[in-house]
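Enquirer: Residue numbers (my numbering): 102 to 315.
Sharing a structure here in structure tokens format.
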Amino acid sequence: MPVIMKPVVKLDLNLKLEKEFYARDLLQVAKDLLGKILVKKNGKEITAGKIVEVEAYDGSTDEAAHSYRGPTPRNKIMFEVGGYLYVYFTYGNHFCCNVVTGKKGKGTAVLIRAVEPVSGQDKMIINRFGGKKISGKDLYNLTSGPGKVCKAFGINTSDSGTDLTGNKIFLLNGTVIKKSSIGVSRRIGITKSTELPWRFFIKDSPFISRKAVK
DNA sequence: ATCAAGATTACCT
DNA sequence: GGTAATCTTGATA
């Protein structure tokens, strides 16, 4: 039985975001991603979550970006036109997924740091905790970090390069987030270019990875 | 061929 | 609040 009391939302697949959305400026896309619905389809199975926290990375000026030193086998998809998924593996355990943005050659992408589960919560619990019963407060621990999101959705490096206008992993138009409810801070977990205020999150969401950043 | 660092998480006090 | 775990990637030789 689902532990989560949230009603399963009926997803309208006609609201899929198109290429033009992604091909715009990095910071614009980053803020606009808040409230959008990340969807992964696996046959009949669907996992979906509302994006509540993101970070922007820009290889041209930002030393923390994987693209800062130019294309490599791992990051080359970041240099494509916006609308692809970039997934990398880190710390020996975790995958992180990013939305590539901008024009071809830019090397810009947005890290999806946290989502609010919308559909397929049971599958997320299986992926994250082996299907063990979870308590109510663990709901907020299901997808509240970039590694957690990938684990819950079953996203790994084999998904890197996925075309987000396709039918496997994509985004749907969701809630429009008022400018006044968007929080801004420095980015988490980096040691270079730490001064850039490029983390964006929905202020009152209990599903973000952290409240405050040092 | 070798090595250090890492866009994190879970678990401990 | 602090830190060990874990292994791929990219840089250097």
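Just so it is clear, CB atoms sit at the ideal spot from N, CA and C, and this is done for glycine as well.
Every value quoted in this text rests on a predicted model; they were computed, and no experiment measured them.
When the Cα atoms are used, what is the spatial distance from Pro307 to Ala313?
Expert: Looking up residue 307 in the first sequence gives position 206. Looking up residue 313 in the first sequence gives position 212. So the alpha carbons of these two residues sit roughly 13 Å apart.
Enquirer: Have a look at Phe301 and Thr263 and give me their C-alpha separation to the nearest angstrom.
Expert: Here residue 301 refers to the residue found at position 200 of the first sequence. Here residue 263 refers to the residue found at position 162 of the first sequence. Looking at the two C-alpha atoms, the distance is approximately 24 Å.
Enquirer: Which residues mark the beginning and the end of the beta strand (DSSP E) in which Leu272 is found?
Expert: Translated into the one-based positions of the first sequence, residue 272 becomes position 171. Where Leu272 is concerned, the enclosing beta strand (DSSP E) stretches over 270-273.
Enquirer: Between which two residues does the alpha helix (DSSP H) containing Glu121 stretch?
Expert: As a first step, residue 121 is located in the first sequence; it is residue number 20 there, counting from the start. First-last of the alpha helix (DSSP H) with Glu121: 120-123.
Enquirer: CA-CA distance, Lys280 and Glu296?
Expert: In the first sequence, the residue the question calls residue 280 occupies position 179. In the first sequence, the residue the question calls residue 296 occupies position 195. Roughly 22 Å between the two C-alpha positions.
Enquirer: When the Cα of Leu135 is compared with those of Ile213, Met225, Gly237, which residue comes out closest?
Expert: Walking along the first sequence from the start, residue 135 turns up at place 34. Of the listed residues, the one whose Cα sits closest to Leu135 is Ile213.
Enquirer: To which residues does DSSP link Ser220 through a beta bridge?
Expert: The residue you call residue 220 lines up with position 119 of the first sequence. Partner(s): Ala149.
Enquirer: According to DSSP, is Lys177 helix, strand or coil?
Expert: For this step, residue 177 is matched to residue 76 along the first sequence. Of the three classes helix, strand and coil, the one that applies to Lys177 here is helix, per DSSP.
Enquirer: Less than 8 Å between the C-beta atoms of Ser168 and Phe180, yes or no?
Expert: Numbered from 1 along the first sequence, position 67 holds the residue referred to as residue 168. Numbered from 1 along the first sequence, position 79 holds the residue referred to as residue 180. Yes, Cβ-Cβ distance for Ser168 and Phe180 is below 8 Å.
Enquirer: So, are the CB atoms of Lys151 and Glu217 less than 8 Å apart?
Expert: Numbered from its first residue, the first sequence carries residue 151 at position 50. Numbered from its first residue, the first sequence carries residue 217 at position 116. Taking 8 Å as the cut-off, the Cβ atoms of Lys151 and Glu217 count as close.
Enquirer: Mind checking which residues open and close the alpha helix (DSSP H) that includes Gly248?
Expert: Translated into the one-based positions of the first sequence, residue 248 becomes position 147. It spans 247-254 - the alpha helix (DSSP H) in which Gly248 sits, taken as one unbroken run.
Enquirer: Considering only the alpha carbon of each residue, which of Ile303, Ser261, Thr292 lies closest to Glu164?
Expert: Here the question's residue 164 lines up with position 63 in the first sequence. Out of Ile303, Ser261, Thr292, Thr292 has the C-alpha closest to the C-alpha of Glu164.
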